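Q: Here the protein sequences line up with chains A and B, keeping their order.
So for the first sequence, the numbering used here puts the first residue at 4; every next one is plus one.
So for the second sequence, the numbering used here puts the first residue at 801; every next one is plus one.
From the three backbone atoms N, C-alpha and C, an ideal C-beta is built for every residue, glycine too.
The model shown is predicted, which means the values in this text are computed figures rather than measured ones.
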Amino acid sequence: MSAENTQPDLEDLNVIVSGQGGDGSLTVVNLLASVLRQNGMSVYTERDVLSRIKGGITAATLRAFSGERFTIGNHIDLLVAFDIDAVPKNRRQLNKNSIVLYDNSGGSLPDGILGDEIRAFGAPLSRQAVKTFRRDIYKNSISFGLIGRILGLPDDTMRVSFESRFKRMGPQIMKYNLDALTVGLGLADELGFVAGKGLYRIQEIERKPHMLITGNEAMAFGFSVAGGRFYAGYPITPSTDVMDWLIKWSPKFGGVVRQAEDELSAINMAIGSALTGTRTMVATCGPGLSLMQEGIGQLGMGEIPLVIVDAQRGGPSTGMPTKPEQSDLNLLVFGGHGDFPRIVLAPGNPEDCFYLTVDACNLSQRYQCPVFIASDQALSQNTATIDPLDLERVVIDQGKRLDADDVSKLDTYKRYLFTEDGVSPYTIPGTPDGMSLVTGNEHDEFGLVSTDPVNRVRMVDKRQMKMKTMLPELPRAGRFGDLESKIGIIGIGMTFGVILEALDTLADRGIDAQYFQPRTLWPMLDETIEFINGCDVVYVVDLNAEGQLAGLFVREGADASRIRKLLHYDGTPIRSDAVVEFVVNDQTQALGAEEVA
Amino acid sequence: MTKTFTPARPIWCAGCGDFGVQQALENAMKNLGIEPHETVVVAGIGCSGSLQNNVRCYGYHALHGRVLPTVTGAKLANTDLTVIGVGGDGDGYAIGGGHLMHTLKRNPSVTYIVMNNGTYGLTKGQASPTSPNGYGENIEEDLDPILLGMSIPGSTFLARGYTGQPAQLLELTTAALEHAENGRGFAFLEVLSPCVTYNDTYREWRTDVYDVEQDPDYDASDKVAAFTRLMALRDQGRLPIGLLYRGERPALEEAALNHDFPPLALQDIDPSKLMDKYQQALESFMR
């Protein structure tokens, strides 16, 4: 590496660490993230894993940014490969400024894999680890010495971060890791990566307080602060972290988590809990959501409140369990037999996940229906830095709940009372004289089975009325970019950060667009359709093959001729350059067509 | 007093065993002083799954086969409630069969009464898991859920009653409710409850039943001996009734809940009440 003294400030850094599953790639990325966070950067990390415990090529990616980004960048600045196979696998993310550091214990990188422009450096990481510590795993701590020198981290900063990271694991492990770091610094010296001569000038900025959190954690936390006390689940990637977080924390708040024998049991345990007035949630993804469908219809018919998180992954069937996709949208909106009201919310970052889960808890009890949170693998599992959440913003609203006093003032209590707004007051078991029948059968106002046609129509209409009543209370869209622009972009979930970055790039390239982030997908809000029909063209970033998101808009009155679908379903997380390219190509064609006309 | 729903008249055929089950349940609740407004009856799908409409308490009509997860969730969410599951043999042993072993294993303090008539009455007489080989088109051996329960280490209360012996049925129902009320765990009571229309077994069952409570050598707390005896009786074509097994295991709600807090459903969930703990969780993300 050239030893120039004019290193740029670190503003945007993308590092991918890749190797065999179990190589400790994630540990390296987490360490680097914690150092860069302390230096004032916002960080975003992504995991690319396989559905197996060990082996296969996996990767962990880090972006450190001087502002705020909820996506990995388009190019990788540094690829760290513990396994040579990781180099060709990540080749397409490299450009001429990229650096590759690879473990050459098993031999050098074959010629021609990278071309001439990309600088690659081999170091015997594994061999040194085994030689010095008799444990291959120390190669990741060795690599950190090289990574830090390449980037320009002061040696002391690296040591301090090791001390805080390995403190909990005891003095022996701490010593080995610090020794491994020293071995790494020695290898760096051999390769000419000298202290103080790294790629970047890394300023020591005091970073204001912030959180590092995943979408799954934020949803679990939001549920808890909103008073959620019962969670039932069945382990399924990528939703399981919701359960894991709650197992650790919920008992401290007086709550409980049960791991059920399957998703049928999970949703019915949740129903049992919800019937008692307890705020209840389940989290799952495609296959589990399919199994829960009968229970979801029951929530609709019985008017039972429940929050259901769907961390969407590649489908159909078992699909690609660890890969992001948004192909459950039709299932979320239309799943289950019969007509019944439901709400589908769509957060775009961990902060949104927190507050929308709070909203979901309130809405589920106000409107006594299932409320879905449409997440995806990337939103659910990637970590991001966010400003500390404002817990004071959380307000509890349990809707038309009657206590014993309220009931005693009534002449008659009817669980499914016909009301103008479609919402019937409810009691919880234990309330004297508030006895009710809750049922999945069609029923009269008391909950007794009825097939009377007049009652049937009134009951269906009553339930459907809730979908109208709730409209003013549903979360509104996020609006970003040039709000006057007639070029719109729409996307949900993980595409939030991708589209925001694309807006900036497009603006740099002379295309001012605006991003409309629908946060309520169902019932469809007028604002969404009005937005689409008010634009000349709207690019819908749809992470599925059928254009499910765009399909919902068109079904609800959006002008299909204005919509261009960017369909992405290869299992990789979409990046902003794909959006930029799609928009630029379409705009160029449109211009060309105009000129011809 | 506020008026709520008027309990429905049963939809069952004249002579159906389920009348006897309902009567035993209502009387047992009365005898134990269980308050209707503190009781939730969760019913499955099938003829027996209408029982909750006929009694004065909180009622919930579950999905087919899902009585057990539902009662488990309800009990964990509010341990102050008396939670009773009722259903048929198709509901509990076929479509919901998987949940039975897990509920026995978990041992929540709820009562589960299965009205076993050995057929699918509501859909006109198809074989159920407890139909004997040769019933209609059935070519499969019948299932004995009590023996299944005996094989599960978490089981604490396994009993079988017969609607033809109402006095004993009342005693067993009372014992089952008491087991759950006292927090001893899952009280599983199967009741032989004949379907007069599609599987009228009154005559056979009157002679086939074998009341272990009349057998001085039967010890319901000795699992190995009881299991051996039940197997032998089965080979003789007999249907053992009475309290068949009773064990001691911690109840699910005892093990699962944080007892520093009131029941989940009764907690004041205003965020200000636990703000220090929420703040602690928030700070765990800031390190």
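(1) Taking Cβ-Cβ distances shorter than 9 Å, what residues in chain A pair up with G898 (chain B)?
(2) Kindly say whether S5 (chain A), judged by its beta-carbon, lies nearer than 8 Å to any beta-carbon of chain B.
(3) Run through chain B and tell me which residues come within less than 8 Å of Y416 (chain A), C-beta to C-beta.
(4) Where does the unbroken alpha helix (DSSP H) through W248 (chain A) begin, and where does it stop?
(5) Just confirm the distance between the C-beta atoms of L154 (chain A) and Y203 (chain A), as a whole number of angstroms; I'd bet it's less than 8 Å.
(6) Please tell me whether H340 (chain A) has its Cβ less than 8 Å away from any Cβ of chain B.
(7) Does chain B have any CB closer than 8 Å to the CB of D436 (chain A)?
(8) From A:S367, A:Y419 and A:I502, pick the residue whose C-alpha is nearest to that of M470 (chain A); which is it?
(9) Does any heavy atom of the ligand ZN sit closer than 7 Å to the C-beta of M470 (chain A)?
(10) Suppose you measure from the CA of V587 (chain A) to the CA of A593 (chain A); what does that come to, to the nearest Å?
(11) So, using beta-carbon positions, are D944 (chain B) and P932 (chain B) closer together than 8 Å?
(12) Determine whether the beta carbon atoms of E990 (chain B) and I952 (chain B) lie at a separation below 8 Å.
(13) How many Å lie between E1091 (chain B) and E306 (chain A) at the Cα?
(14) When DSSP labels each residue in this structure, what does Q1079 (chain B) get in the three-state scheme?
(15) For the putative contact between D313 (chain A) and D331 (chain A), defined by C-beta atoms under 8 Å, what is the C-beta separation to the nearest angstrom?
(16) Strictly by DSSP, which residues pair up with A84 (chain A)?
(17) What separation, rounded to the nearest whole angstrom, lies between the Cα atoms of V582 (chain A) and V544 (chain A)?
(18) How would you list, in chain order, the residues of chain A whose beta-carbon sits under 9 Å from the beta-carbon of N1058 (chain B)?
(19) What residues are listed by DSSP as bridge partners for I884 (chain B)?
(20) Quick check on R137 (chain A): buried or exposed, where buried means 16 or more other Cβ atoms within 10 Å of its Cβ?
(21) What is the DSSP secondary structure of I153 (chain A), counted as helix, strand or coil?
(22) Check this for me: beta carbons of P994 (chain B) and G817 (chain B), under 8 Å apart or not?
(23) Please list the partners that D880 (chain B) has in chain A, where partner means a Cβ-to-Cβ separation under 7 Å.
(24) What does a CB cutoff of less than 6 Å around A223 (chain A) pick up in its chain, not counting 5 residues either side in sequence?
(25) Residue range of the alpha helix (DSSP H) that W1005 (chain B) falls in?
(26) Kindly list the residues whose CB is nearer than 7 Å to the CB of H472 (chain A), restricted to its own chain and excluding five residues on each side of it in sequence; keep chain order.
(27) Determine the DSSP secondary structure at T508 (chain A), reduced to helix, strand or coil.
(28) Helix, strand or coil for E7 (chain A) per DSSP?
(29) Is any beta-carbon of chain B found at less than 8 Å from that of G443 (chain A)?
(30) Please confirm if V38 (chain A) has its CB atom under 8 Å from at least one CB of chain B.
(31) Kindly give me the distance between the Cβ atoms of Y416 (chain A) and T802 (chain B), rounded to whole angstroms, as I take these residues to be in contact under 8 Å.
(32) Where does the unbroken beta strand (DSSP E) through S378 (chain A) begin, and where does it stop?
(33) For H446 (chain A), which beta-bridge partners are listed by DSSP?
(34) Let me see if you follow: with CB-CB separation under 8 Å, is G280 (chain A) close to chain B or not?
(35) Cα separation between L117 (chain A) and F73 (chain A)?
(36) Can you tell me whether P174 (chain A) is helix, strand or coil according to DSSP?
A: Let me lay it out:
(1) Sequence index remark: in the second sequence, residue 898 (chain B) carries index 98 (1-based). Simply E264, D265, L267 and S268.
(2) Taking the first sequence and counting its residues from 1, one reaches residue 5 (chain A) at position 2. Because the pLDDT at S5 (chain A) is just 45, under 50, the model does not fix this residue reliably, and the point stays unresolved.
(3) By 1-based counting over the first sequence, the position of residue 416 (chain A) is 413. In chain order: T802, K803 and T804.
(4) Residue 248 (chain A) sits at position 245 when you count from the first residue of the first sequence. Residues T243 to W252.
(5) Indexing the first sequence from 1 puts residue 154 (chain A) at position 151. Indexing the first sequence from 1 puts residue 203 (chain A) at position 200. Beta-carbon to beta-carbon, L154 (chain A) and Y203 (chain A) are separated by about 6 Å, close enough to satisfy the 8 Å threshold.
(6) On the first sequence, residue 340 (chain A) is found 337 positions in, with the first residue counted as 1. For H340 (chain A), the answer is no, since every Cβ of chain B falls outside 8 Å of its Cβ.
(7) Here residue 436 (chain A) refers to the residue found at position 433 when the first sequence is read from its first residue. Yes, D436 (chain A) counts as interfacial toward chain B.
(8) The sequence position of residue 470 (chain A) within the first sequence is 467, counting from 1. Minimum Cα distance to M470 (chain A) is reached at A:S367.
(9) As far as ligands go, the structure on display features none, and thus does not contain the ligand ZN.
(10) Residue numbering aside, residue 587 (chain A) sits at position 584 when the first sequence is read from its first letter. Residue numbering aside, residue 593 (chain A) sits at position 590 when the first sequence is read from its first letter. So the alpha carbons of these two residues sit roughly 10 Å apart.
(11) The sequence position of residue 944 (chain B) within the second sequence is 144, counting from 1. The sequence position of residue 932 (chain B) within the second sequence is 132, counting from 1. Contact: no.
(12) On the second sequence, residue 990 (chain B) is found 190 positions in, with the first residue counted as 1. On the second sequence, residue 952 (chain B) is found 152 positions in, with the first residue counted as 1. No, Cβ-Cβ distance for E990 (chain B) and I952 (chain B) is not below 8 Å.
(13) Because chain B spans 801 through 1087 in this model, residue 1091 (chain B) falls outside it and cannot be assessed.
(14) On the second sequence, position 279 is the one that residue 1079 (chain B) refers to. In the structure shown, Q1079 (chain B) sits in a helix (DSSP, three-state: H, G or I).
(15) Here residue 313 (chain A) is taken as the residue at index 310 of the first sequence, counted from 1. Here residue 331 (chain A) is taken as the residue at index 328 of the first sequence, counted from 1. Contact between D313 (chain A) and D331 (chain A) is confirmed by a C-beta separation of about 6 Å, below the 8 Å threshold.
(16) By 1-based counting over the first sequence, the position of residue 84 (chain A) is 81. A:S21 and A:Y105, per the DSSP bridge assignment.
(17) To locate residue 582 (chain A), count along the first sequence from 1; it is residue 579. To locate residue 544 (chain A), count along the first sequence from 1; it is residue 541. Each residue's Cα considered, the two are about 8 Å apart.
(18) Numbered from its first residue, the second sequence carries residue 1058 (chain B) at position 258. Near N1058 (chain B) (Cβ distances below 9 Å), the residues of chain A are S253, P254, K255, F256, G257, G258 and V259.
(19) Counting from one through the second sequence, the residue named residue 884 (chain B) turns up at place 84. The beta-bridge partner set that DSSP reports for I884 (chain B) consists of B:V841 and B:T911.
(20) Counting from one through the first sequence, the residue named residue 137 (chain A) turns up at place 134. With fewer than 16 other Cβ atoms within 10 Å, it is exposed.
(21) Here residue 153 (chain A) refers to the residue found at position 150 of the first sequence. Helix at I153 (chain A).
(22) Taking the second sequence and counting its residues from 1, the one referred to as residue 994 (chain B) is at position 194. Taking the second sequence and counting its residues from 1, the one referred to as residue 817 (chain B) is at position 17. If you check the CB distance, P994 (chain B) and G817 (chain B) come in under 8 Å.
(23) Working through the second sequence from its first residue, we reach residue 880 (chain B) at position 80. Result: G433.
(24) Looking up residue 223 (chain A) in the first sequence gives position 220. Counting only Cβ-Cβ distances below 6 Å, and skipping sequence neighbours, we find V245, W248 and L249.
(25) In the second sequence, counting from the first residue as 1, residue 1005 (chain B) sits at position 205. Per DSSP, the unbroken alpha helix (DSSP H) holding W1005 (chain B) starts and ends at Y1002 to D1008.
(26) The residue given as residue 472 (chain A) occupies position 469 in the first sequence. Per the sequence presented here, residue 472 (chain A) reads as Thr, with His not at that position. Taken in chain order, the residues that qualify are D424, G425 and V426.
(27) The residue you call residue 508 (chain A) lines up with position 505 of the first sequence. The DSSP-derived three-state label of T508 (chain A) is helix.
(28) Residue numbering aside, residue 7 (chain A) sits at position 4 when the first sequence is read from its first letter. Per-residue confidence for E7 (chain A) stands at a pLDDT of 48, beneath the threshold of 50, marking its modelled position as unreliable; the derived number appears in the next sentence. Correct three-state label for E7 (chain A): coil.
(29) Residue numbering aside, residue 443 (chain A) sits at position 440 when the first sequence is read from its first letter. Output row for G443 (chain A): interface = yes.
(30) On the first sequence, residue 38 (chain A) is found 35 positions in, with the first residue counted as 1. Using a Cβ-Cβ cut-off of 8 Å, V38 (chain A) does not count as an interface residue toward chain B, since no Cβ of chain B sits closer than that to its own.
(31) As a first step, residue 416 (chain A) is located in the first sequence; it is residue number 413 there, counting from the start. As a first step, residue 802 (chain B) is located in the second sequence; it is residue number 2 there, counting from the start. In this structure, Y416 (chain A) and T802 (chain B) form a Cβ contact; the two beta carbons are roughly 5 Å apart against a cut-off of 8 Å.
(32) Here residue 378 (chain A) corresponds to residue number 375 of the first sequence, with the count starting at 1. Per DSSP, S378 (chain A) belongs to the beta strand (DSSP E) from P373 to D379.
(33) Along the first sequence, one-based indexing puts residue 446 (chain A) at 443. Partner residues in the beta bridge of H446 (chain A), as assigned by DSSP, are A:V452.
(34) Your numbering for residue 280 (chain A) matches position 277 in the first sequence. Output row for G280 (chain A): interface = yes.
(35) The residue given as residue 117 (chain A) occupies position 114 in the first sequence. The residue given as residue 73 (chain A) occupies position 70 in the first sequence. Distance from the CA of L117 (chain A) to the CA of F73 (chain A), rounded to the nearest whole angstrom, comes to 29 Å.
(36) Taking the first sequence and counting its residues from 1, one reaches residue 174 (chain A) at position 171. Looking at P174 (chain A) - three-state DSSP - the assignment turns out to be helix.
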